[in-house]
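Residue numbers (the numbering used here), protein chains in the order written: chain A, 1 to 329; chain B, 1001 to 1504; chain C, 2001 to 2328; chain D, 3001 to 3341. Think of the CB as a built atom: it goes at the ideal place given N, C-alpha and C, for glycine as much as any other residue. Keep in mind that this is a model prediction, so the values were computed, not measured.
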Amino acid sequence: MSAPATGLRQGRWVAFQGMLRDRPSLVLVGVLLLLVLAIGVIRPGTIGPSWVANTILFAAPLGIVAAGQTLVMLTAGIDLSVAATMTAAAYVAASQSYFGSARAVLLALAVGLVVGLVNGLGVAVFRVQPLIMTLGTGLVISGGLLVYSLNVSHQGPPAVPDIVRYVGAGKLLGIVPVSAFLWAAIATIVIVGLRQTGYGRLIFAVGDNPIACRLAGVRAWLVLLVTYVICGFLSGVAGLVLVGAINAADLSLGDVYLLPSVAAVVIGGTSIYGGNGGYAGSLLGALILTVLSSVFTLLDAPDPLKQILYGAIVVLLAALYVRTTGDDG
Amino acid sequence: MTDDAILLETRGLKKNYGAVVALRSGDISVRAGEIHALMGANGAGKSTLVKVLTGDVTPNAGTIRLEGREVRFNSPANARKAGLASVYQDVSLVPLLTVAQNLRLTGTTMAAIRPWLEELELGDVDLAEYARDLPTPTLHLLDLAQALASLPRLLILDEVTATLPADLSERVFRVARRWRDEGRSVVLISHRMTEVKALCDRATVLRDGSTVGVVDLASSGQEEIVSLMLGPAAASVVVSEGAVADTAPAPKVDPSPAVEVRGLRSGLLQDVSFTLRRGEVLGIVALEAQGQADLFECLSGNRRPDAGEILVQGKTRRFRHPHEAIGAGLVLVPADRALALLRQRSVLENIALPMVNQLKRWGLINTRAERKRVKAATDRLEIDTRAGSRVMRLSGGNQQKVTIARWLATGFVTLLCFDPTRGIDIRTKEQIYRVLRELAASGSAVLLFTSELPEIQLACDRALVMFGGRVVAELTAHDATEAALLRAAHGLERGGTGPAEAAS
Amino acid sequence: GGSNNTGGGTKKYVVGISNTLTGNGFREEMICSIKAQAKASGVVSKVIVANRNTDPSGQIADVRNLISAGVNVIVMNPSDRSALDAVIKEATSKGIVVVTVDQGVTSSDAYQLYNNQVKYATLGADWLFKKLNGTGNVIEMRGINGVSADADRHTGFTQTLASYPGIKVVKMTFTNWSLDPAAQQIKDILGSGLKVDGIWTSGIDSTVVDGYTTAKKPYVPTIGADNDAFIGDLINLKAQGLSGAAVTNPPTVGGAGLAVGLDVLQGKSHPHLINLDPAIWDNQSTSGLSELQNHYDPKLNAYYSVTYQVAPYTTYTKDDLLKCADIG
Amino acid sequence: MSAQAIARPRVAPNVARLLRRNAWTLGTYGLFVAVMIFTVAIHPNYGPFEVQSLVVGALPLAFAAVAEACVVLGGGIDLSIGAMMAVANVVAARYMNHHDFQTAILVSVLVLVGGTLAGALNGVIALRTRVPDIVVTLAMSFVWGGVALLILPQPGGGAPDGFLALASGNVLTPWIPAGIVLLIVVVGAIWIPVKLSRIGLALYAVGSDRTAAFRRGVRIGPTRVFSYALGGFFAACGGLALLMSTGIGSPLAGTIYTLSAISAIVLGGVSLAGGRGGVMGPIIAALVLTMVPADLILSGTDPNFGQVIQGTLIVLVVMAGGLAPLLRSRRRAIVPGASSG
Ligand SMILES: Nc1ncnc2c1ncn2[C@@H]1O[C@H](COP(=O)(O)OP(=O)(O)OP(=O)(O)O)[C@@H](O)[C@H]1O
Ligand SMILES: Nc1ncnc2c1ncn2[C@@H]1O[C@H](COP(=O)(O)OP(=O)(O)OP(=O)(O)O)[C@@H](O)[C@H]1O
Ligand SMILES: [Mg+2]
Ligand SMILES: [Mg+2]
């Protein structure tokens, strides 16, 4: 909103702010370090290589699903089916492992792709509001998964395929999480892709002004379709990484990721109205949320107070972010 | 008249957005009972000054004195109460409310606004329509009527006439004169030198956010003002009006038809046929809503015609999506930049948008090449990209230029321009005419609808005049005097050259 | 109310099930056991299930809809202790037999098969604290804060704690009965270098054990529920030093509930309050170990509860339970 | 003459325009009727009892939807509606317990005031910090959730029967459940005056275009806070409704309503971008969303497919609703003045 202006500001502050406005992720990094510091204070000696490794390992699923969510939200949409998709992919992988890892993994990824395709068709071709469309598919997936679990389970011992286990929980040289590499790869592709590829540019464009896109000869529906497919696929991958890390699947494994997947994105500075933002922020957002939950596990306080504090801290950090970047939401 | 009472006086008004200095030191002094022009190139800071004056944004420094008393408004509403009412450059009616509701918001009574609606010939606008569903000119006029209803002592018009056809601009001017005669004051922002000279008493000129002079329009010539606006160096570049067409390099590199239109019907479009050749700039002249808009809609591929055909380089084309038209080399520059721009994205991304699609580049973009092409375009139109990280922060005129630069960078065969020079300063207009000529010379075809009749002789080889959805006349640039064009545009030229001839 | 005879022959009863937590293995298994029992009973013509994520107010609506659907018996896992009393009265007044399972209600109109959650906690906690010889640091990993099942378990836990002054609860977390939070919590706790001598979980058990395995930390005595994977851990990881016990919390209480309900319909009498005290199977005593081995089934899902039957009520086959087959 | 031209040739007489503008809401009504007919078809002896069930089940969601609508219409979004419902619910249950009707009414008045303030607080925070509404309210949902747990650590409390009867009883005939009357009275008493007053207009204006609204003389800040306060008020109503239907307070009550409320308003024709829609649509949508699972029970559908069917239904419905604009938007003119439609 451009209505009321912000009043007097000193030149140096303005310059500093200009610098931050161009690199808002710096602020998020600062926030992240702040939280790590907090842990160091609450329990000295916690912070160390292995802690970092574990944190990344548990942030990876969120980070990966947040990548898909970011793309979708940049197009002014939202995908509420990501959590159900993660669960489905995880459960399918575990229940199919009996028939071989390859089949298990491929089927799991297929689940993601199909869900993404359905969402994409609904939103891009039939113009269903993304929220409703993905809410609906979310229900369909969980329902379908229940049916699946009743019919397909018990065919063989459910077990997380070794490869999935390795990707999700394995560590190179006993320290560097394998999932970190996968996440890094995805992050690079998404970040570079958004900046440097035509498709990436079009995601922003479609989210900003569909009419302008049409006018410029962009077929927005195609962009949307692809975006939702990618989001579905990434959800599937995230589900696999998650089940790898947890080493067991149930019918609600991924559900806890629905809100965080959105929270990570918006905390990362992507607008829910589309056209503005990026994945670097969401990535840091995912890390921040993960570290924050660690803080609250280690913090000894009554649960209600913890919840209140959690909310308060999120607001404060976001406010700090807005102040320093001078970017009015 | 120097001893007239000063109504409004500002000292060193300053406004910066982050690093961008929109207004460095805006000084303006308006007398009671005068029409005061506020002039300056695109991005000079005119609109910012208006916003600061009316409390739409708060200045970082400076003072505003109204009849000697220092004032500071924290909202346009308060400014209105104090007698300052403005019609902003970008329409400021709430889109999802009906016109009536918009009026209610400002507490304007029907009784108060009726006469002004009549005055501006808005009598039969349906007040129950959503603002969103009304065309921009209507909205601007409604905005004006509402401003008038509050009987302000100072009325500020920021490029209102830019969106208006000639005859309606005339209405606005009449109101302005009346205001002056009643001892009230008007501040008028316009890039049309002629209307400024015809209407205004004095002009305050802004350059790069600072007031560089106040001129008495009666006594001073255009060159003086232009050199004030652009700085002496740049001013010399600007040639006097009327020269472009003659000085342009000889066109007709390849006279083969770029686009042929045969018996086109759609919306208000009754039955239109004509041929647009490579190497020519073909002007379209018409009053509002004579079908010209529908013509551009069809040519740009945004709508399928009800009947008739469009031949592009000899082949019949039926466009289902602008994408296909662009593929066939037809690109559109719409008048309303809001429809064409990605507000939150950078100037570069806005200009590169069609390239991305056209080049079908799903791999990595060659950013160096892209930057070069974009830079070439922005330089050619001299776009002020200081606030280029988000197009919405550009000045109105610069935004308009971006919509043209986009196609310069992307390339095309046929350029469809629908009133492209709205709100563009005199110098840039010259540049754009020049660019159009050069494009034609280099073998492109240009179809130019303009609401500024002089542009025809400045930029075009031929002009088609439309009336009632038909082409009623074809004139060569030489015969296309304003008078001739107007007569034809009002459909007075019965039995003039009909479609058949026009097409040949 | 009134029974419809569409089923013909002896199959004359319509069964309604109301559950308010989906995607939860415990609850799904509970529903399956009811279906299996319906099949086994041979007197049920149709099973109507109201199964969605909702709250007491939603469950009230569901139960009312079951009443409208003309069921003869309703088996429900009540989402609140007292909120459903009114609707239960509504049902019984229409001659419908209402059986609440797993959790209790204050209504006196319903037959209740109650998984004694207080006892669930005391049994496990007592075993754990004894195992630690009454001294040491323990973690209490609870379920969902604000749910009565969780509150009851906490009550039991604290009661037991009172009699072991040497035991210190160094950390209390809420797993929300889902795997991921539990996994992260155990990761954080292990990483923080907190000295832990024993762990009591409200059911997300094998995930905690797995946390120790992946962190390559020596196991500590662990209490969990009768979830298959945990049972497996107790058996297979004993050699690696995992000691612990599983406390039964049979979701099959649902099947038992239906059995009772059908009995009542057929004129047999049952007490209104049937308190199912949990059993505890530890992997230290030979008796416990044999129980564990009897129940373990490597083919099952990690969190599938292995208390297949609730004697003497349920009469279905394990196969029907696993297939979750409808009456065919 | 060009003035006529500029005042774009009238596309349709006012009646038609009215239909066009409220097409979606009317569609929602139509959907409701359709579902109702279907219900009666599969359950011929549909009677007062079933109507009562519908209302009892729909009341909290309906209030939640209205609350969310108030915020979204004003250009915001509130993810803490459910948590605020929980707070209202536990406060009421805790302080009404073992008291008489008068006290209960007094308590509920205080709860409503409290809810209004809580909502306003959400708005003020969003306004002062300039943090996006979604982030603020997401965070606040944790805060309110914590507060609820502080007030009532586990389900409990209660309310006098007279109070419960406000929702579960019926008026005049058993065919008219008290709950629906309550809903209509409360929403009507608050919303209609708002809608008619200038502040209501301002609310829509801010939701539609803040800059334009500001230039029209709307005070953005207060208006936004007002919309959140209104949301808070109706959220509190939702919390009380929960108490009325269950007779107890639960710290987790309401949490499930945030998301369903948002889907209800979207189904009910409220644009998430703000400024477009009303509260009637969402209420009807809430009723529909309550009837679908009910029908699944009444028709005895295979429960395993319950969610699948529900999800598909929702999508199909919106798809159908989306087809009309789909056809229109194809003709969206990009050249001003072009005759569109
Ligand atoms: N919100 C904003 N943020 C950043 N820069 C801005 C903003 N608004 C205006 N500017 C910058 O301030 C300068 C002056 O803008 P302004 O709109 O006043 O120019 P103008 O004189 O009205 O030009 P035009 O004749 O094209 O309307 C421009 O360079 C513009 O980029
Ligand atoms: N509503 C409940 N009442 C009592 N105990 C419960 C309830 N829900 C869960 N539990 C306990 O929590 C344990 C595990 O939690 P959960 O609810 O996830 O069951 P589960 O078997 O793990 O299901 P899933 O396979 O979905 O994880 C269950 O074994 C059960 O003992
Ligand atoms: Mg301007
Ligand atoms: Mg579980």
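TODO: Answer with buried or exposed for K2039/C, where buried requires no fewer than 16 other C-beta atoms within 10 angstroms of its C-beta.
DONE: Here K2039/C is buried: its Cβ has 16 or more other Cβ atoms, across all protein chains shown, within 10 Å.
TODO: Would you mind listing the beta strand (DSSP E) stretches within the region 1017 to 1099 of chain B that are 3+ residues and don't spill past its ends, in chain order?
DONE: Counting only runs of 3+ residues, the beta strand (DSSP E) found wholly inside the region 1017 to 1099 of chain B occupies 1020 to 1026, 1029 to 1031, 1035 to 1039, 1061 to 1066, 1069 to 1071 and 1084 to 1087, in chain order.
Open item on the list: Classify D2108/C: buried if its beta carbon has 16 or more other beta carbons within 10 angstroms, exposed otherwise.
Closed with: The amino acid at residue 2108/C is misidentified as Asp; the sequence shows Ser. It counts as exposed.
Open item on the list: For G3158/D and T2317/C, what's the separation of their Cα atoms in angstroms?
Closed with: Between the alpha carbons of G3158/D and T2317/C lies a distance of about 43 Å.
TODO: Determine, using beta carbons only, whether V147/A comes closer than 7 Å to chain C.
DONE: Not one beta carbon of chain C lies nearer than 7 Å to the beta carbon of V147/A.
TODO: Can you grab the Cα-Cα spacing for the pair T2020/C / G2058/C, in whole Å?
DONE: Looking at the two C-alpha atoms, the distance is approximately 8 Å.
Open item on the list: For ligand 3, is there any heavy atom lying closer than 6 Å to the beta carbon of Q1457/B?
Closed with: Between ligand 3 and the CB of Q1457/B, the shortest heavy atom gap is not smaller than 6 Å.
TODO: Under 9 Å between beta-carbons, which chain B residues line up against F204/A? List them in chain order, please.
DONE: Within 9 Å Cβ-Cβ: L1342, Q1344, R1345 and E1349.
- [ ] Following the continuous alpha helix (DSSP H) through G2136/C, name the residue where it begins and the one where it ends.
- [x] No alpha helix (DSSP H) contains G2136/C, which is instead part of the beta strand (DSSP E) from G2136 to R2142.
Task: Cβ contact (3+ pairs, closer than 8 Å) linking the region 58 to 72 of chain A and the region 176 to 194 of chain A - done: With the cut-off at 8 Å, the region 58 to 72 of chain A and the region 176 to 194 of chain A touch.
Open item on the list: Residues in the same chain with beta-carbon distance under 6 Å from G275/A, minus the five sequence neighbours each way, listed in chain order, please.
Closed with: Result list for G275/A: F204, G207 and D208, in chain order.
- [ ] Could you check if D1379/B is buried or exposed, using at least 16 other CB atoms within 10 Å of its CB as the buried criterion?
- [x] Exposed, by the Cβ-count rule.
Open item on the list: If the cut-off is 7 Å on Cβ atoms, which residues from the region 1006 to 1037 of chain B count as contacting chain A, listed in chain order?
Closed with: Only those residues of the region 1006 to 1037 of chain B whose C-beta falls short of 7 Å from the nearest C-beta of chain A are listed: G1018 and A1019.
Open item on the list: Within 7 Å of any Cβ in chain A, is that where the Cβ of L1339/B sits?
Closed with: Closer than 7 Å to some Cβ of chain A, the Cβ of L1339/B qualifies, so yes.
- [ ] Verify whether the separation of the beta carbon atoms of A264/A and A66/A is less than 7 Å.
- [x] In this structure, A264/A lies near A66/A, with their beta-carbon atoms less than 7 Å apart.
Open item on the list: Assuming I132/A and S3263/D are in contact, meaning their beta carbons sit under 8 Å apart, how far apart are those beta carbons, in whole angstroms?
Closed with: I132/A to S3263/D, Cβ: 6 Å. Contact.
TODO: Could you list which residues in chain B have their beta carbon closer than 9 Å to that of F3214/D, in chain order?
DONE: Chain B residues near F3214/D: D1056, S1075, P1076, A1077 and S1092.
Open item on the list: So, for A2110/C: in the same chain, excluding its five sequence neighbours on each side, which residues have a beta-carbon less than 6 Å away from its beta-carbon?
Closed with: So the list reads I2088, V2098 and T2100, once near-sequence residues are dropped.
Task: N-terminal and C-terminal residue of the beta strand (DSSP E) that K2238/C is part of - done: No beta strand (DSSP E) holds K2238/C; DSSP gives it neither H nor E.
TODO: Report buried or exposed for K2268/C, applying the criterion of at least 16 other Cβ atoms within 10 angstroms of its Cβ.
DONE: Sixteen is the threshold: since fewer than 16 other Cβ atoms of the shown chains lie within 10 Å of the Cβ of K2268/C, the residue is exposed.
- [ ] Compute every distance between the C-beta of G120/A and the non-hydrogen atoms of ligand 1, then say whether any falls below 6 Å.
- [x] Not so, every heavy atom of ligand 1 lies at least 6 Å from the Cβ.
Task: Residue nearest to L3203/D in terms of C-alpha spacing, selected from F3226/D, V3113/D and A3189/D - done: Taking only the C-alpha atoms, the option nearest L3203/D is F3226/D.
TODO: Compare the C-beta of Q2329/C with all C-beta atoms of chain A and state if any pair is closer than 7 Å.
DONE: Because chain C in this structure spans residues 2001 to 2328, residue 2329/C falls outside the shown range and cannot be described.
Task: Neighbour list for D255/A in chain C, Cβ cutoff strictly below 8 Å - done: For D255/A, the chain C residues whose Cβ falls inside 8 Å of its Cβ are G2023 and S2178, in order along the chain.
- [ ] Inspect the beta-carbon positions of A3062/D and A3286/D and report whether they are closer than 7 Å.
- [x] Yes. Within cutoff.
Open item on the list: Determine whether the beta carbon atoms of N3089/D and G3311/D lie at a separation below 7 Å.
Closed with: The beta carbons of N3089/D and G3311/D sit no closer together than 7 Å.
Open item on the list: Counting only Cβ pairs nearer than 8 Å, list the residues of chain A close to F2129/C.
Closed with: Per Cβ cutoff of 8 Å: no residues; F2129/C is ~21 Å from chain A at best.
- [ ] State the start and end residues of the unbroken beta strand (DSSP E) segment that holds Q2112/C.
- [x] Residues Y2111 to N2115.
Open item on the list: Would I2034/C and I2048/C be called neighbours here (beta carbons separated by less than 7 Å)?
Closed with: Annotated as distal: I2034/C and I2048/C, with beta-carbon spacing of 7 Å or more.
Task: Per-residue DSSP class, three states only, for V3113/D - done: V3113/D: helix per DSSP, three-state reduction.
Task: Collapsed DSSP secondary structure at W3175/D in the structure displayed - done: Three-state result, W3175/D: coil.
Task: When V123/A, A312/A, T87/A and L37/A are compared against A220/A, the one with the closest alpha-carbon - done: Looking at the Cα atoms, V123/A is the closest of the given residues.
Task: Contacting residues, own chain, Cβ-Cβ under 7 Å from A1489/B (five flanking each side not counted) - done: Same-chain partners within the cutoff: V1285, A1286, L1287, V1465 and F1467.
- [ ] Excluding the 5 residues preceding and the 5 following V1057/B in the sequence, name in chain order all residues of the same chain whose CB lies nearer than 6 Å to its CB.
- [x] Around V1057/B: K1051.
Open item on the list: Using beta carbons (cut-off 7 Å, strictly below), is G244/A in contact with chain D?
Closed with: Judged by the 7 Å Cβ criterion, G244/A is not in contact with chain D.
Task: C3237/D and V3186/D closer than 7 Å at C-beta - done: For C3237/D and V3186/D, yes; Cβs fall inside 7 Å.
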